[in-house]
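**Student:** Here you go, one structure.
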Amino acid sequence: MEGVRGIVTVTVFGTLLCLGVPGAARRLAGHPGQSNVIQAFVIPHSHMDVGWVYTVEESMHAYAANVYTTVVEELVKRKQRKFIAVEQEFFRLWWDKVATDAQKKQVHQLLEEGRFEFIIGGQVMHDEAVTELSSQILQLTEGHGFLYETFGKRPQFSWHVDPFGASATTPTVFALAGFNAHLISRIDYDEKDMMQKKKKLQFVWQGSPSLAKQQEIFTHTMDQYSYCVPASLPFSNRSGFFWNGIAVFPDPPKDGIYPNMSLPVTAQTIRAYAETMVANIKERAAWFRSSHVLWPWGCDKQFFNASVQFENMDPLMDYVNQHRDEFGVTVQYATLSEYFQAVHNANLTWDIRGSRDFLPYSSEPFQAWTGFYASRNILKGMARRANSFLYACESLFTLYLLKYPLGSIDKFWALHKIQQLRWAVSEVQHHDGVTGTESPKVREMYMDHLLQGMTAVKLVMAAILQETLNSGKNKFAYPLPYSQDTRSREGDSLQIIAYNPLGWNITTVVNITVAYSMVNVYDDAGNAVPSQIQKSAGSNSTFDLYVLVRLDALSYRRYLVKPKKSTCTKGQDGQCSREPTSYRGREIAFDRKLVGKSKNRGLRLLPLMNECYLLLLNEDTNLLHSITDRSSQKTVKIKQEFLEYHANGDVKRGPISDNYIFTPSGPAVTVSKSVGMEIITGKLVTEIRQYFYSNISALANEYQYAIFTRIYNIPKGYDGSLLCRRIEQEYIVGPLDLNREAILRMTTDLKTDRIIFTDSNGYQMMKRQYKDHTNNTLARNYYPLVRTAYIEEKDTRLIILSERAHGISSQFDGHVEMMLHRRLWNNKEWNLAYNLTLNDTSVVRPLFWLMLGSKATTSSLYQSGLALEFRPVVVFGSASGNAAQSIKSLGDNAANSFSLPSNLHLLTLSVPGWQYNSNHNEHLQNIVRGKWSKPDFRRVLLRILHLYEVGEDPVLSQPVTVNLKDLLKTLGTVVSIEERSLTGIWNINTLQRWKWRTVQQHDIDLNNATRSLTEEFTVTIHPKELRTFFVHFKE
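Start counting the sequence shown at 0; every next residue gets the next number (numbering that gives the first Met the number 0).
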């Protein structure tokens, strides 16, 4: 997004003199006799948003393709010119669809000369607040795989200049990828100001408390000018140093004349330009400890005409260098690696920053960028659901290739389909993508790409199951996102296949919608399966069927659903047979209760329970009263209610809320006038349906909010510990009135001192202490909830698990509120000009799991969160003939001994299909010779993550030793295993990251002997380690 938005701009030299800033003139003139000349590294770049205001296609046409075409052309002309390329999606599109063979050869040559450099190397510059770990890694891996395969290049530096805040997970991810330094920019304005004054903008960041020194990384924080050159010139009303002007949409001007082109560098202007440049360099130099200054030359959508850019900058830089003694500054074109190399060579001693992050981000006193945590809820849910489908398809395709090497499915066709979703999921991780901060047409672009990719991988999954289950003419269909609605006709038998992509055995419930009211459900051995059927909410023609499934790790099972026309099936003796039938849920309707009108509050309490929890409902309010953890008999009073923050839409009346910013006009307001309730009881599922009405006289279906709460009863013979311990809640929110921001507030009697714990990208937990601020305290105490959050009192925790990102806060003691939906419009010129208003009229249905209990009984919170995120994928199709008998003859396709301990997570099991040789030297030789291999379908990418921190749990925090050959034996015969960097492009044994001197002694330094992979393929995985391997299987 635009570099100038939300960044405090300090005007350069001319204004400094006018304001009488002490020493401004003296600093410009330099210090005679002083040898410490400032060395400025001028880094040409273009910030190219993969989305935001314009679609990728529009951006490619208007400017992005021209960036690479003209930059390559200009770099070839003069040896001193350089350029860094960041977002790979645009470069890959240019490379595949625009670049000529001659241009491709020039790129190879420029890379070898070190004058064209890939920075970050991911498909996008991902958001850091609301993205989930596996999606971050995916987009980075996609970009790195292309760069390494095509050029043999391995990015080693980040350039995270525009994400809205900086998480503590990102530095760990980049360290694991082999990076030597990390660069950030958008952090809280007052913290940046303090860091500038104290010269603390650079530090060594130990993002993970458990990994500490092992994965620390040097971090550079951009100063207040961020990634752009000064936006104004004291001698001109045009943009500063942007001689090519501003990109024009939809078509580039045919005459090459763009708006706001800077004054050319001439004999008349060169002195003024030089003084402006030098003043800015010196101002920046005062905020850093070394004499090296990073001077980013560029901004959003720049260098679409690199010729005019370099033709003006070349003589300007020559002029500054010719007046070195006068100015006390030298300037040179540079890549980012050259700048960091100079800082590293200075061998200074740096402070250590622990696992603290830079969230939330505020750019000004009333601009807390916490609104985007909840913007465009449906897109956030779609992005995560698409990632979960991709996760499932990747492992299923891997199993198919290894177990059915002679299968009939075209491997290249399947890989192409999977790559389509990889691209889409990577794309939406952009910092103006999943954040919900894009224009409506870009939101549609993301949604279209995700839906097309999901359709593609579902075709692959259906084809694999079709073949491996020998299903013949019974073709499989697949569920739509957010539902598993079969729409089957009355009388049709249905077969459903549930696939568990996780590395653990699970017992869970899958829910499908059917058109019949009575069924029998059988497993693939012909045994009756516990199930329950009940009328769908708000429908007289469909029914919700809940089926209890027991699935081994990385396995699928088939179930048969047979409709029944009657509860009685007569046998030969004329009596009703005892053929098992799905439990029928019994519905009880309650009268609506007015909010706040109860005179006997708390006296009439209705108990509902399973083996783990007792829920008490207040019949006088139709609201939840309390939850009791039955294992500890700890009861927590809890009230759930929906409220709305009102937002100002008129900039003349004060601060506004928009896609990015949350600035409420006052406290949240209760919106419900009455609450209706239905309870469906059954042997498997108990469901509570609460409907919240803003109008007392509203019809039954005219509710604006709803909560559907489910608890599960586990039959004997099933290990349902995880299923029993979750309270499932589905919320229905919307459509909202304009300029409303909807929250669910949970008020408990826990004593928490307003402390809340939230996850950082689903990787680690962060303690959030409530902070008082001079301005905007409410909004600045909001944090991103990606997957996990909890509040606690001593040993009791209330845990919230989510399958998409939201905003979360604890504004009062024992209180949690989650922002679920936003609908906003304002008249701010910026938002109107770029159509960045958030007039979201949708109805959203986010899903949460709650857990309550002691730390010991809720220690499965990470496993449960992943089970929510990566729920079984359900595929369905009609079943013809005597399906029960045909299923029985198939045998057990689920037999599989693959299983990880509960503290290790199978983060990745995939066949990337890369064409590069794992041996670096051989791969480089192949590139030189133009020798390209076919995709390697026997090389498997395996990642395993330890879920716990050091000391977090007495058992689960212990290191785990795993023999990978034994673990993977059910997949095939392992020939070799090599440990790799996070994205696979480095052999871990040859990766030597830079070491930086620090002021503190390190207290954690794992023994390398316990970390390395043994000859027997045994590895010990320590807390929070994320280990990546290439596994080669026998042909």
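Quick reminder that beta carbons are idealized off the backbone N, C-alpha and C, glycines included.
If you're wondering where the values come from, they're calculated on a predicted model, not measured in any experiment.
Compare the Cα-Cα distances from Val961 to each of Asn259, His1021, Asn920 and report the closest residue.
**Tutor:** Residue numbering aside, residue 961 sits at position 962 when the sequence shown is read from its first letter. Checking every option, the nearest Cα to that of Val961 belongs to His1021.
**Student:** Tell me the rounded alpha-carbon separation between Thr511 and Asp935.
**Tutor:** Indexing the sequence shown from 1 puts residue 511 at position 512. Indexing the sequence shown from 1 puts residue 935 at position 936. Note that residue 511 is Ile in the sequence shown here, rather than Thr. Those two C-alpha atoms are separated by around 38 Å.
**Student:** Helix, strand or coil: how does DSSP classify Phe388 here?
**Tutor:** Taking the first residue of the sequence shown as position 1, residue 388 is located at position 389. In this structure, Phe388 counts as helix in the three-state DSSP scheme.
**Student:** Can you round the beta-carbon distance between Ile754 and Asn609 to whole angstroms, since I take them to be within the 8 Å contact cut?
**Tutor:** Residue numbering aside, residue 754 sits at position 755 when the sequence shown is read from its first letter. Residue numbering aside, residue 609 sits at position 610 when the sequence shown is read from its first letter. Actually they do not touch by this definition, with Cβ atoms about 30 Å apart.
**Student:** Just to confirm, is the Cβ distance from Ser238 to Ser261 under 7 Å?
**Tutor:** Counting from 1 along the sequence shown, the entry for residue 238 is found at position 239. Counting from 1 along the sequence shown, the entry for residue 261 is found at position 262. Against a cut-off of 7 Å, the Cβ pair of Ser261 and Ser238 comes out as a contact.
**Student:** Within its chain, find whatever has a CB closer than 6 Å to the CB of Asn376; leave out the 5 residues flanking it on each side and keep chain order.
**Tutor:** As a working note, residue 376 is residue 377 in the sequence shown. Once the five neighbours on either side are set aside, the close Cβ partners of Asn376 are His820, Val843.
**Student:** What residues in its chain sit with their C-beta under 7 Å from that of Gln884, if we drop five residues either side in the sequence?
**Tutor:** Along the sequence shown, one-based indexing puts residue 884 at 885. Low per-residue confidence applies at Gln884: pLDDT is 44, beneath 50, and the placement is therefore not dependable enough to give any value.
**Student:** Since Met444 is in the alpha helix (DSSP H), which residue starts that stretch and which ends it?
**Tutor:** Here the question's residue 444 lines up with position 445 in the sequence shown. 439–467 is the span of the alpha helix (DSSP H), which, as asked, contains Met444.
**Student:** Have a look at the DSSP bridge pairing and note the partners of Glu363.
**Tutor:** Here residue 363 refers to the residue found at position 364 when the sequence shown is read from its first residue. Gln366, per the DSSP bridge assignment.
**Student:** Enumerate in chain order the residues of its own chain whose CB-to-CB distance from Val11 is below 6 Å, with the five nearest sequence positions on each side excluded.
**Tutor:** On the sequence shown, position 12 is the one that residue 11 refers to. For Val11, the predicted structure reports a pLDDT of 30, less than 50, and the residue's modelled location is therefore unreliable. A value from the coordinates is still provided. Same-chain partners within the cutoff: Pro229, Thr275, Ala278, Asn279.
**Student:** To the nearest angstrom, how far is it from the Cα of Ile626 to the Cα of Lys636?
**Tutor:** As a working note, residue 626 is residue 627 in the sequence shown. As a working note, residue 636 is residue 637 in the sequence shown. Approximately 6 Å, taken between the alpha carbons.
**Student:** Just curious, the alpha helix (DSSP H) that Ile280 is in, first and last residue?
**Tutor:** Start at 1 with the first residue of the sequence shown, and residue 280 comes out as number 281. Here the alpha helix (DSSP H) through Ile280 covers 269–284.
**Student:** Do the stretch 62–73 and the stretch 301–312 meet, that is, are 3 or more Cβ pairs less than 8 Å apart?
**Tutor:** Result yes; three or more Cβ-Cβ pairs closer than 8 Å.
**Student:** Three or more beta-carbon pairs under 8 Å between the stretch 487–507 and the stretch 530–541, yes or no?
**Tutor:** Output reads no: the stretch 530–541 does not touch the stretch 487–507.
**Student:** What's the gap between the Cα of Lys152 and the Cα of Leu146?
**Tutor:** Translated into positions along the sequence shown, residue 152 becomes position 153. Translated into positions along the sequence shown, residue 146 becomes position 147. So the alpha carbons of these two residues sit roughly 6 Å apart.
**Student:** With H, G and I counted as helix, E and B as strand and the rest as coil, what does DSSP make of Glu727?
**Tutor:** Within the sequence shown, residue 727 is the residue found at index 728, counting from 1. The answer is strand: DSSP assigns Glu727 an E or B state.
**Student:** For the beta strand (DSSP E) that contains Gln533, what are its first and last residues?
**Tutor:** Translated into the one-based positions of the sequence shown, residue 533 becomes position 534. Looking at the DSSP string, the run of the beta strand (DSSP E) that includes Gln533 is 530–534.
**Student:** Please classify Met221: is it buried, with 16 or more other beta-carbons within 10 angstroms of its beta-carbon, or exposed?
**Tutor:** Within the sequence shown, residue 221 is the residue found at index 222, counting from 1. Buried, since its Cβ has 16 or more Cβ neighbours within 10 Å.
**Student:** So, are the CB atoms of Met47 and Phe82 less than 7 Å apart?
**Tutor:** By 1-based counting over the sequence shown, the position of residue 47 is 48. By 1-based counting over the sequence shown, the position of residue 82 is 83. No, Cβ-Cβ distance for Met47 and Phe82 is not below 7 Å.
**Student:** Are the beta-carbon atoms belonging to Gln122 and Ser425 less than 7 Å from one another?
**Tutor:** Translated into positions along the sequence shown, residue 122 becomes position 123. Translated into positions along the sequence shown, residue 425 becomes position 426. Contact: yes.
**Student:** Is it buried or exposed, Gln451, if we count other Cβ atoms within 10 angstroms and call 16 or more buried?
**Tutor:** On the sequence shown, position 452 is the one that residue 451 refers to. Exposed: under 16 other Cβ atoms inside 10 Å.
**Student:** Check whether the Cβ atoms of His181 and Ile136 sit closer than 7 Å, and answer yes or no.
**Tutor:** As a first step, residue 181 is located in the sequence shown; it is residue number 182 there, counting from the start. As a first step, residue 136 is located in the sequence shown; it is residue number 137 there, counting from the start. Not in contact: His181 and Ile136 (Cβ atoms no closer than 7 Å).
**Student:** Mapping the DSSP letters down to three states, classify Asn499 as helix, strand or coil.
**Tutor:** On the sequence shown, residue 499 is found 500 positions in, with the first residue counted as 1. DSSP places Asn499 in strand when its eight states are reduced to three.
**Student:** Can you tell me where the alpha helix (DSSP H) holding Leu946 begins and where it ends?
**Tutor:** In the sequence shown, residue 946 corresponds to position 947, counting from 1. Note, Leu946: premise wrong, no alpha helix (DSSP H); not H, not E.
**Student:** The ligand NAP and Gly142: does any heavy atom of the ligand fall closer than 6 Å to the residue's C-beta?
**Tutor:** Of the ligands one can find in the structure shown there are none, so the ligand NAP has no counterpart to examine.
**Student:** For Ala1048, which three-state DSSP category applies?
**Tutor:** In the structure displayed, the chain extends from 0 to 1034; residue 1048 sits before or after that span and is not available.
**Student:** Give the straight-line distance between the Cα atoms of Pro154 and Asn35, rounded to the nearest whole angstrom.
**Tutor:** In the sequence shown, counting from the first residue as 1, residue 154 sits at position 155. In the sequence shown, counting from the first residue as 1, residue 35 sits at position 36. If you take the alpha carbons of Pro154 and Asn35, they lie about 31 Å apart.
**Student:** Where does Leu1025 fall in DSSP's three states?
**Tutor:** The residue given as residue 1025 occupies position 1026 in the sequence shown. Correct three-state label for Leu1025: strand.
**Student:** Can you list, in chain order, the residues of its chain with a C-beta nearer than 6 Å to that of Gln419? Leave out the 5 residues immediately preceding and following it.
**Tutor:** On the sequence shown, residue 419 is found 420 positions in, with the first residue counted as 1. Around Gln419: Gly452, Ala455.
**Student:** Look up Gln321 in the DSSP assignment and say whether it is helix, strand or coil.
**Tutor:** Within the sequence shown, residue 321 is the residue found at index 322, counting from 1. The answer is helix: DSSP assigns Gln321 an H, G or I state.
**Student:** Is the CB-CB distance between Pro162 and His343 below 7 Å?
**Tutor:** Counted from its first residue, the sequence shown places residue 162 at position 163. Counted from its first residue, the sequence shown places residue 343 at position 344. Result no, Cβ atoms of Pro162 and His343 do not sit closer than 7 Å.
**Student:** Check whether the Cβ atoms of His143 and Thr982 sit closer than 7 Å, and answer yes or no.
**Tutor:** The residue you call residue 143 lines up with position 144 of the sequence shown. The residue you call residue 982 lines up with position 983 of the sequence shown. For His143 and Thr982, yes; Cβs fall inside 7 Å.
**Student:** With distances taken between CB atoms, is the gap from Gln728 to Thr757 smaller than 7 Å?
**Tutor:** Counted from its first residue, the sequence shown places residue 728 at position 729. Counted from its first residue, the sequence shown places residue 757 at position 758. Contact flag unset, no.
**Student:** Using a Cβ-Cβ cut-off of 7 Å, state whether Val842 counts as contacting chain B.
**Tutor:** As a matter of chain content, chain B is missing from the structure shown, which is built from one protein chain.
**Student:** Assign Met193 to one of two classes, buried (16 or more other C-beta atoms within 10 Å of its C-beta) or exposed (fewer than that).
**Tutor:** Residue mapping note: residue 193 aligns to position 194 of the sequence shown, counting from 1. So Met193 ends up on the exposed side.
**Student:** Can you give, in chain order, each stretch of the alpha helix (DSSP H) that sits fully within the stretch 653–736 and has at least 4 residues?
**Tutor:** List check, alpha helix (DSSP H) in window: 720–723.
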